[in-house]
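Trainee: I am attaching a structure below and will ask some questions about it afterwards.
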Amino acid sequence: MPELPEVETIVKGLRGKVLGRIIKEVQVLEPKMVINSDPFRNKLKDRAIRRVERQGKAIIMQTGQKAYLMVNLGMTGRLIFYPDTAPVDKHTHVLFSFSQGGQLIYHDQRQFGRLQLYEGIEPEQIPFVMGLGPDPLDAGFTWQRLAHLLSKSRRAIKDFLLDQKRIAGIGNIYASEILFHAGIKPLRSANQLRMEEIKRLRQAMQGVLRAAIEHRGTSFSDYLDVEGKEGNYKHFLKVYLREGEACSHCTTRIVRTKLANRSTYYCPTCQK
DNA sequence: TCGTAGACTTGCAGGT
DNA sequence: CGCGTGCAAGTCTACG
11 MPELPEVETI VKGLRGKVLG RIIKEVQVLE PKMVINSDPF RNKLKDRAIR
61 RVERQGKAII MQTGQKAYLM VNLGMTGRLI FYPDTAPVDK HTHVLFSFSQ
111 GGQLIYHDQR QFGRLQLYEG IEPEQIPFVM GLGPDPLDAG FTWQRLAHLL
161 SKSRRAIKDF LLDQKRIAGI GNIYASEILF HAGIKPLRSA NQLRMEEIKR
211 LRQAMQGVLR AAIEHRGTSF SDYLDVEGKE GNYKHFLKVY LREGEACSHC
261 TTRIVRTKLA NRSTYYCPTC QK
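Those letters in the first sequence? Residues 11 to 282, by my numbering.
So, in structure tokens, the structure goes:
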């Protein structure tokens, strides 16, 4: 759920809701969701949210000179802002209250997400960020750059797309969608794609991700944006969750297989 | 040829 | 039952 488009939507939403607000109090209701939760609470108190950025699927909020709060949403993490008092249930793990009013909650049913405060370093020096590959929406992400990355891997292209060290931000939904739009079978070896296919792949990455951002991400189960609203890209999914349905292009039934223990959807006719 | 860095694989974390 | 993520731990492989 929270892949690049969902995280980008959340980041934009946070900028509108909490940028410039001062944290009055941090309540950590589930300590294991926060790395070093005691200093986390104390050091964030009275700090302003200065900037909100995305690095791959991570959210990074600047809270001071060389002070950054990183939020990884995992599978079911949500950041939701309430102008008044936030509702708290058993999956609400962190609660930020602001001096200007309003509360931001971190809510995570499956608890795969994490929050961590980094001090004394810049965002590029955060270990998670250092391990990330290039962002597919960056201007510098040319097909030549993609070709170079692909040439170093013999893995299935679907696995390659999921590897955050190679390209940052693509997850299981968009990997399948991108490969459908590029007309490439998920099991093809990364280093055996032809130049035309690499160009189509890059086009598909940017096209699918941009369209998904435009529609505020994909909601089918847990994902909600900062205002608690669903994303609408689910209406545009061509293969994901569509096993057995007719391909919109050729009417062949969409197939589901497992790659690296993850469901992978594709059209056996349109994707070569 | 060997040692090692990097590539790759698998399973697990929690809840419903 | 399946499951959007990321990591650790283990094995494999390519290269200097």
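Backbone N, C-alpha and C fix where the C-beta goes; we use that ideal spot for every residue, glycine too. These figures come from a predicted structure and were not determined experimentally.
Do the region 151–161 and the region 231–238 meet, that is, are 3 or more Cβ pairs less than 8 Å apart?
Mentor: By the criterion of at least three beta-carbon pairs nearer than 8 Å, the region 151–161 is not in contact with the region 231–238.
Trainee: Please say whether K248 and T228 have beta carbons closer to each other than 7 Å?
Mentor: For the purposes of this step, residue 228 is taken as the residue at position 218 of the first sequence. For the purposes of this step, residue 248 is taken as the residue at position 238 of the first sequence. Result no, Cβ atoms of T228 and K248 do not sit closer than 7 Å.
Trainee: By how many angstroms is the C-alpha of I115 removed from the C-alpha of I90?
Mentor: Locating residue 90 in the first sequence gives position 80, where the first residue counts as 1. Locating residue 115 in the first sequence gives position 105, where the first residue counts as 1. Going from the Cα of I90 to the Cα of I115 covers about 5 Å.
Trainee: Under DSSP, the alpha helix (DSSP H) around H5 begins and ends at which residues?
Mentor: With the chain covering 11 to 282 only, the question about residue 5 has no answer from this structure.
Trainee: Can you name, in chain order, every residue of its own chain whose Cβ lies under 7 Å from the Cβ of N242, other than the five neighbours on each side?
Mentor: For this step, residue 242 is matched to residue 232 along the first sequence. Correct list, in chain order: H225, R226.
Trainee: Answer with buried or exposed for A178, where buried requires no fewer than 16 other C-beta atoms within 10 angstroms of its C-beta.
Mentor: Position 168 of the first sequence, counted from the start, is the residue given in the question as residue 178. Counting Cβ neighbours within 10 Å, A178 comes out buried, since at least 16 surround it.
Trainee: Q202 to R164, Cα distance in whole Å?
Mentor: Taking the first sequence and counting its residues from 1, one reaches residue 202 at position 192. Taking the first sequence and counting its residues from 1, one reaches residue 164 at position 154. When rounded, the distance between both Cα atoms is 8 Å.
Trainee: To test your reading of the DSSP string, which unbroken alpha helix (DSSP H) runs of 4 or more residues are found completely within the region 16–103?
Mentor: 47–54
Trainee: Can you tell me whether DSSP reads Y128 as helix, strand or coil?
Mentor: As a working note, residue 128 is residue 118 in the first sequence. In the structure shown, Y128 sits in a strand (DSSP, three-state: E or B).
Trainee: Is it buried or exposed for A270, if we count other Cβ within 10 angstroms and need 16 for buried?
Mentor: Numbered from its first residue, the first sequence carries residue 270 at position 260. Classification of A270: exposed, given that the 10 Å Cβ count is below 16.
Trainee: Measuring CB to CB, does A221 end up less than 7 Å from L160?
Mentor: Locating residue 221 in the first sequence gives position 211, counting from the first residue. Locating residue 160 in the first sequence gives position 150, counting from the first residue. In this structure, L160 does not lie closer than 7 Å to A221 by Cβ.
Trainee: Could you tell me if F246 is buried or exposed, where buried requires 16 or more neighbouring beta carbons within 10 angstroms of its beta carbon?
Mentor: Stepping through the first sequence from its first residue, residue 246 is reached at position 236. So F246 counts as exposed.
Trainee: Which whole runs of the alpha helix (DSSP H) in the region 110–160 are 4 residues long or more, in chain order?
Mentor: 137–140
Trainee: Sorted by chain position, which residues of the same chain lie with C-beta nearer than 6 Å to R198's C-beta, five sequence neighbours on each side aside?
Mentor: By one-based count along the first sequence, residue 198 stands at place 188. Same-chain partners within the cutoff: I167.
Trainee: Considering S186, what are the terminal residues of the alpha helix (DSSP H) in which it resides?
Mentor: Numbered from 1 along the first sequence, position 176 holds the residue referred to as residue 186. It spans 182–192 - the alpha helix (DSSP H) in which S186 sits, taken as one unbroken run.
Trainee: What residue from V218, P278, R263, C277 has the CA that sits closest to P15's CA?
Mentor: Position 5 of the first sequence holds residue 15. It is V218.
Trainee: Assign N271 to one of three DSSP states: helix, strand, or coil.
Mentor: Residue numbering aside, residue 271 sits at position 261 when the first sequence is read from its first letter. Coil.
Trainee: On the criterion of 16 or more Cβ atoms from any shown chain inside 10 Å, does D118 qualify as buried, or is it exposed?
Mentor: Start at 1 with the first residue of the first sequence, and residue 118 comes out as number 108. Result: buried.
Trainee: By Cβ distance below 6 Å, which residues in the same chain neighbour R266 in space, the five residues on each side in sequence not counted?
Mentor: What you label residue 266 is simply residue 256 of the first sequence in a count that begins at 1. Cβ neighbours of R266 within its own chain (closer than 6 Å, five residues either side excluded): E253, S273, Y275.
Trainee: Let me check understanding here. Comparing Cα to Cα, which of L189, P196, P93 lies closest to M215?
Mentor: Along the first sequence, one-based indexing puts residue 215 at 205. Check the Cα spacing between M215 and each of L189, P196, P93: the tightest is with L189.
Trainee: Report all residues from its chain with a CB closer than 6 Å to the CB of Y92; omit the five preceding and five following residues, and keep chain order.
Mentor: On the first sequence, position 82 is the one that residue 92 refers to. Cβ neighbours of Y92 beyond the five flanking positions: Q113.
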